[in-house]
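Participant:
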Amino acid sequence: MNTENKKLVRPHVYQFNFGDSIITNMLEGHVTRDDLHPFVATNATADDVQQLAKRYKIPYPKLEHSFVTTLIQTPDALIAFDPGFGENAPMPSAGFFNASLGTAGFSVDDIDMVVISHCHPDHIGNLMTGGKPTFPNAQIVFGRTEFDYWKRGENISDMRKHTLSLFEKVALPLIDKIRFIEPDESIVSGLTAVNAFGHSAGHLAFHYESKGQELLMLNDTVAHYLASFANPDWHFSMDDDPDMAATTRRRVLDMAATSGIPVIGFHLPFPAIGFVEKNTDSFEFRPASYQFNV
Ligand SMILES: [Zn+2]
5 MNTENKKLVR PHVYQFNFGD SIITNMLEGH VTRDDLHPFV ATNATADDVQ
55 QLAKRYKIPY PKLEHSFVTT LIQTPDALIA FDPGFGENAP MPSAGFFNAS
105 LGTAGFSVDD IDMVVISHCH PDHIGNLMTG GKPTFPNAQI VFGRTEFDYW
155 KRGENISDMR KHTLSLFEKV ALPLIDKIRF IEPDESIVSG LTAVNAFGHS
205 AGHLAFHYES KGQELLMLND TVAHYLASFA NPDWHFSMDD DPDMAATTRR
255 RVLDMAATSG IPVIGFHLPF PAIGFVEKNT DSFEFRPASY QFNV
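According to my numbering, the sequence shown is numbered sequentially starting from 5.
#1: Who does Met132 pair with in a DSSP beta bridge?
#2: Kindly examine ligand 1 and report whether one of its heavy atoms sits closer than 7 Å to the Cβ of His16.
#3: Can you give me the C-alpha to C-alpha distance between Met95 and Gly33, rounded to a whole angstrom?
#4: Within this structure, are the beta carbons of Glu150 and Ala108 separated by less than 8 Å?
#5: For a test of the three-state rule: what should DSSP assign to Gln54, helix, strand or coil?
#6: So if I measure from each beta-carbon to every heavy atom of ligand 1 and keep distances below 6 Å, which residues remain?
#7: Taking Arg148 as the reference, give the member of Leu12, Phe43, Ile182 and Asn283 with the closest Cα.
#8: In the DSSP assignment, the beta strand (DSSP E) including Pro36 goes from what residue to what residue?
#9: Three or more C-beta pairs closer than 8 Å, one from the stretch 218-229 and one from the stretch 238-255: is that the case here?
#10: By the DSSP assignment, the beta strand (DSSP E) with Ser263 in it spans what residues?
#11: Going by DSSP, what residues sit across from Tyr18 in a beta bridge?
#12: Give the straight-line distance between the Cα atoms of Asp116 and Tyr18, rounded to the nearest whole angstrom.
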C-alpha cells in the first residue's frame with residue numbers, strides 16, 4: 005500500500021451531554037504552519053518560544069492551528085457558534101463544518117441560531133454559501149460593537165483588509181436577520197455574552213449554564229494551548245489590539261481558573277475542551293479526558 009498519499013482519518017466530531025443539552029465540538033479544519041514564533045508571540049524572542057516548545061515536547065517552528073466549532077442543542081434550539089470558514093477556507097484542510105454536521109446528526113436546515121464571537125474569516129466565512137445564507141432557518145447573533153466596527157470599516161490594518169472584504173461579502177448582506185447583543189446580555193436562557201474585547205474590537209466569550217453545569221467558551225481569547233496560557237502577555241499575531249487582548253486574556257483565564265468550570269477554545273487542539281489551572285503569574289491548560297463521558 006502506498007502509505008504516503010493515503011488521506012488520514014482523524015477524529016472531527018466530539019459530542020457529550022451537558023445539563024439538559026448536547027454539546028458537539030467539530031474540527032472544521034486545521035492548518036500546519038512553520039512560524040510558531042512569531043505567530044503566537046510577536047513580543048517574545050524566538051529563543052523564548054523555542055524553549056517553551058522544547059519543555060512541552062512540541063515541534064518548533066512547525067505547529068498545527070486548529071479551528072474548532074461548537075454546537076449546543078438545548079431542549080428548545082440548536083445553536084451553532086462561529087461555524088467556520090465554509091467555502092471561503094483559504095486552505096484545503098479547512099471548511100468542513102457543513103459536512104461534519106451530518107456526522108453529528110444535524111443538517112444546515114436544523115440550525116435555529118448562529119452566534120458569532122467576532123468577524124475574523126475563520127469565524128464568519130461560512131455564513132453564506134454560493135451567495136445565499138448557509139443556515140436558512142437561523143437567526144444570526146452578533147455583538148453590536150464588533151459588527152459596527154467592521155461596518156464602519158475605518159482604519160483597518162493591511163493585515164485585516166481581507167477580513168473587511170469578507171465581512172462585506174458574507175455578514176453585511178444578512179443585516180436584516182441579525183440580532184445584536186451587548187456583553188452580559190442573555191442570548192437564550194442559560195447563555196450569556198462575556199466581554200472579551202481585544203482579539204478584535206468587540207470579541208465576545210460566552211458563558212453557558214444548564215442544570216447547574218457551567219462552561220466558558222473562550223473563543224479566540226487564547227490562540228495556543230501552551231503559549232497563551234504559560235505566557236498570557238505574549239501577543240498573538242492575529243490580535244487586533246494586542247495589549248487589550250492580553251489584559252482580557254488574564255481576566256478571562258482568571259475567571260475560568262477561579263470558578264473551575266470547563267472551557268472550550270476555538271483554536272485549542274481538538275476536541276478543544278479542558279480546564280484552566282492558575283499558577284503564580286501564569287496559567288495552564290489541562291485538556292479534558294473522559295470527564296464528559298461518564
Ligand atoms: Zn480565530
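We put the beta carbon where it would ideally sit given N, CA and C, even for glycine.
Facilitator: Inspection of the coordinates gives the following:
#1: Sequence index remark: in the sequence shown, residue 132 carries index 128 (1-based). For Met132, which the question treats as bridged, DSSP gives the partners Pro137.
#2: Walking along the sequence shown from the start, residue 16 turns up at place 12. No; taking the cut-off as 7 Å, the Cβ of His16 has no heavy atom of ligand 1 nearer than that.
#3: By one-based count along the sequence shown, residue 95 stands at place 91. By one-based count along the sequence shown, residue 33 stands at place 29. Approximately 9 Å between the Cα atoms of the pair.
#4: Translated into positions along the sequence shown, residue 150 becomes position 146. Translated into positions along the sequence shown, residue 108 becomes position 104. No. Outside cutoff.
#5: Here residue 54 corresponds to residue number 50 of the sequence shown, with the count starting at 1. In this structure, Gln54 counts as helix in the three-state DSSP scheme.
#6: His124, Asp126, His127, Asp224, Phe270 and His271
#7: Here residue 148 refers to the residue found at position 144 of the sequence shown. Answer by Cα proximity: Ile182.
#8: Here residue 36 corresponds to residue number 32 of the sequence shown, with the count starting at 1. Looking at the sequence itself, residue 36 is Thr, so the reference to Pro does not match. Unbroken beta strand (DSSP E) run through Thr36: Ser25 to Arg37.
#9: yes
#10: Position 259 of the sequence shown, counted from the start, is the residue given in the question as residue 263. Note, Ser263: premise wrong, no beta strand (DSSP E); alpha helix (DSSP H) at Pro246 to Ser263.
#11: Within the sequence shown, numbered from 1, the residue matching residue 18 stands at position 14. According to DSSP, which records beta bridges pairwise, Tyr18 is partnered with Asn29.
#12: By 1-based counting over the sequence shown, the position of residue 116 is 112. By 1-based counting over the sequence shown, the position of residue 18 is 14. If I take the Cα positions, the gap works out to 20 Å.
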